[in-house]
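Residue numbers (this note's numbering): 1 to 509. Every residue gets a Cβ at the ideal spot worked out from N, C-alpha and C, and that includes glycine. Bear in mind the structure is a predicted one, so any value in this text is a computation, not a measurement.
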Amino acid sequence: MTSKELKALGLADENLGTSTGSKWFSKGETISSYSPTNGKLIGKVQSTTKKEYDKVIQEAEKAKLIWRDIPAPKRGEMVRQLGEKLRELKPVLGKLVSYEMGKSYQEGLGEVQEMIDICDFAVGLSRQLYGNTIHSERPGHRMYDQYHPLGIVGIISAFNFPVAVWSWNAALALVCGDVIVWKGSEKTPLCALACQKILATILKENKMPEGISSVITGGAEVGQWLSEDERIPLISATGSTRMGKIVATTVAQRLGRSLLELGGNNAIIVSPSADLKMTIIGAVFGAVGTAGQRCTSTRRLIIHESIYDKVKKSLVDAYKQIKIGDPLDSNNHMGPLIDTDAVDMYLSAVEKIKAEGGKLLTKAEVLKGKGYESGCYVTPVIAEVENNYEIVQHETFAPILYLIKYTGEVDQAIAIQNDVKQGLSSAIMTNSLREAEMFLSQNGSDCGIANVNIGTSGAEIGGAFGGEKETGGGRESGSDAWKVYMRRQTNTINYTTNLPLAQGIKFDL
Ligand code: UN1
């Protein structure tokens with residue numbers, strides 16, 4: 001990343017960290033952002049102080065009164081401009097994502113493409129924030145429901161999708177008439193600041209006030225301020241189940257609304273009729289893409305015993321082809337983990353697999369030598385395990401793929417697939433219509449995402465994204481996910497001179 005590229009993203013200034021729009025102010029502690037690709041310092045930012053936080057929320061409170069009065073299609077127009085700007089900046093923003101987070105450049109570009117896609121989606125949505133009309137049981141009465149802006153939406157996002165997850169929330173919240181306050185991950189602060197700069201410029205060009213889009217920076221404490229804050233009706237949080245439980249209980253204490261998108265333990269069922277070529281590509285991309293650090297990463301393969309050995313051999317062969325190294329070099333398939341703490345988690349998971357009786361089919365090691373100086377590069381692992389191992393039940397954010405054998409019919413595989421606490425993404429590779437429909441039925445996958453003949457990761461923007469059980473139940477992005485960003489109001493209007501009561505109740509004076 002050259003200084004010219006950082007400048008193109010507005011990241012050349014000093015003292016970035018907290019912003020209410022075009023105004024930046026930061027007196028907090030310094031956070032240094034190092035690239036996991038080479039261990040080099042990318043930049044320094046300031047974390048948000050409590051005083052600055054309160055200033056941000058005050059500005060947001062003022063701005064929400066103005067923003068909610070702007071017609072939704074006009075708000076959509078500004079989101080359209082955001083999408084246009086992202087198209088222009090896609091190569092350089094994708095590069096920053098790759099450099100600061102460590103995913104491959106292709107995936108960095110893909111992430112910016114998700115941002116563009118959600119902007120497009122939100123622009124259309126800005127003319128489609130529909131309520132229903134309802135036929136009243138009373139004569140001369142009309143009923144309908146309508147959606148109003150909520151106010152301030154707090155967004156907490158994780159390092160693994162340092163720009164896209166914000167945009168899913170931001171684009172929808174903005175067209176819904178909400179103002180946004182975002183705490184990105186302290187592991188990828190520059191990505192967050194770059195996004196804020198882009199949006200703030202657009203809002204300023206449109207002569208919008210400060211406070212429509214704000215960014216705050218810091219660790220769990222800063223997230224806690226958001227969760228506790230009664231001025232913020234909705235907190236949308238993406239990250240670990242551990243974090244989500246803290247956010248959910250804090251927000252629930254004040255009866256606020258939370259939208260949670262938490263951990264997954266995603267499986268692909270490989271049935272006897274599966275197309276093995278597709279299966280291997282889908283499984284390998286799902287397991288090693290983003291170095292296994294997507295919520296939707298493929299963690300488990302549940303393979304029928306009749307094809308188990310064949311699939312196992314093909315996978316081990318495929319893993320031999322995987323090139324690990326600088327994610328900005330398009331010859332490499334897999335980049336580093338986010339930091340050395342993640343490497344420690346990977347190593348400890350490998351130890352647990354062995355201790356519980358699992359068998360490693362590939363070598364688990366931290367790579368050393370030229371190109372691997374950051375200490376964050378590891379080899380992807382395939383392990384034969386049982387589904388009930390404690391470590392298998394747990395989401396490890398690393399490229400570790402578990403192979404589990406099933407016997408009998410597809411219901412056996414579905415039972416294994418559902419026998420975890422998480423419920424985000426799932427898939428079946430099959431050419432049997434009966435198996436596919438069974439998997440998608442009420443007796444099938446219990447996940448928020450269930451795919452047939454594609455892998456577990458790489459969801460499109462048009463669908464609602466999220467999952468059940470410990471994944472938190474929230475839905476973001478497509479379909480009718482927008483409804484959670486608005487408050488619903490039911491209206492009944494009487495255009496007669498009588499006052500009939502519902503349920504036929506008689507009450508005369
Ligand atoms: C995440 O990991 O938090 O489906 C989001 C996918 C991406 C989004 C993942 N579109 O893999």
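- At a Cβ-Cβ threshold of 8 Å, T279 and T456 do not count as neighbours.
- When secondary structure is reduced to three states using DSSP, L109 falls in the helix class.
- Going by C-alpha positions, T379 is about 12 Å away from Y372.
- In this structure, the CA atom of K23 is about 8 Å from the CA atom of E210.
- When DSSP states are grouped into helix, strand and coil, N169 belongs to the helix group.
- A straight line joining the alpha-carbon of K469 with that of L41 spans about 39 Å.
- Excluding the 5 residues flanking it on each side, V251 has same chain C-beta neighbours closer than 8 Å at S227, I235, R257 and S258, in chain order.
- Inclusion of G124 and Y147 in the CB contact set at 8 Å is not warranted, their separation being larger than that value.
- A straight line joining the alpha-carbon of M345 with that of G263 spans about 15 Å.
- For Q196, the closest C-alpha among the options L11, V452, E476 and V385 is that of L11.
- S432 places its beta carbon less than 8 Å from that of S273.
- Just measuring C-alpha positions, the residue of K64, D178, I66 and D117 sitting nearest K90 is D117.
- Scanning its chain for C-beta atoms nearer than 6 Å, with the 5 sequence neighbours on each side dropped, one finds around I414 the residues G444, in chain order.
- Taking every protein chain shown into account, the CB of Q442 has fewer than 16 other CB atoms within 10 angstroms, so this residue is exposed.
- For the set N15, Q113 and Y144, the Cα lying nearest the Cα of A459 is the one of Q113.
- Around the beta carbon of F161, 16 or more other beta carbons lie within 10 angstroms, which makes this residue buried.
- Restricted to the segment 97 to 158, the alpha helix (DSSP H) segments that are unbroken, complete and at least 4 residues in length are 105 to 125, listed in chain order.
- Contact between the segment 44 to 61 and the segment 339 to 357 is not established, with fewer than three Cβ pairs separated by less than 8 Å.
- At a Cβ-Cβ threshold of 8 Å, E386 and I404 count as neighbours.
- The Cβ atoms of T30 and Q46 lie closer than 8 Å to each other.
- Relative to the ligand UN1, the nearest heavy atom lies less than 7 Å away from the CB of S457.
- Per DSSP, the continuous alpha helix (DSSP H) segment holding S227 begins and ends at A220 to E228.
- Bounds of the beta strand (DSSP E) holding I428 are S425 to M429.
- The DSSP-derived three-state label of R487 is strand.
- S479 sits away from I461, with the two beta carbons spaced by 8 Å or more.
- Collapsing the DSSP output to three states places K23 in coil.
- Taking 8 Å as the cut-off, the beta carbon of T37 is found closer than this to the beta carbon of S374.
- In this structure, the alpha-carbon of N451 lies about 6 Å from that of I428.
- DSSP places W67 in the uninterrupted alpha helix (DSSP H) bounded by K50 to W67.
- Secondary structure note for Q196: its alpha helix (DSSP H) is the uninterrupted segment P189 to E205.
- When beta bridges are read from the DSSP output, Y389 appears opposite no residue.
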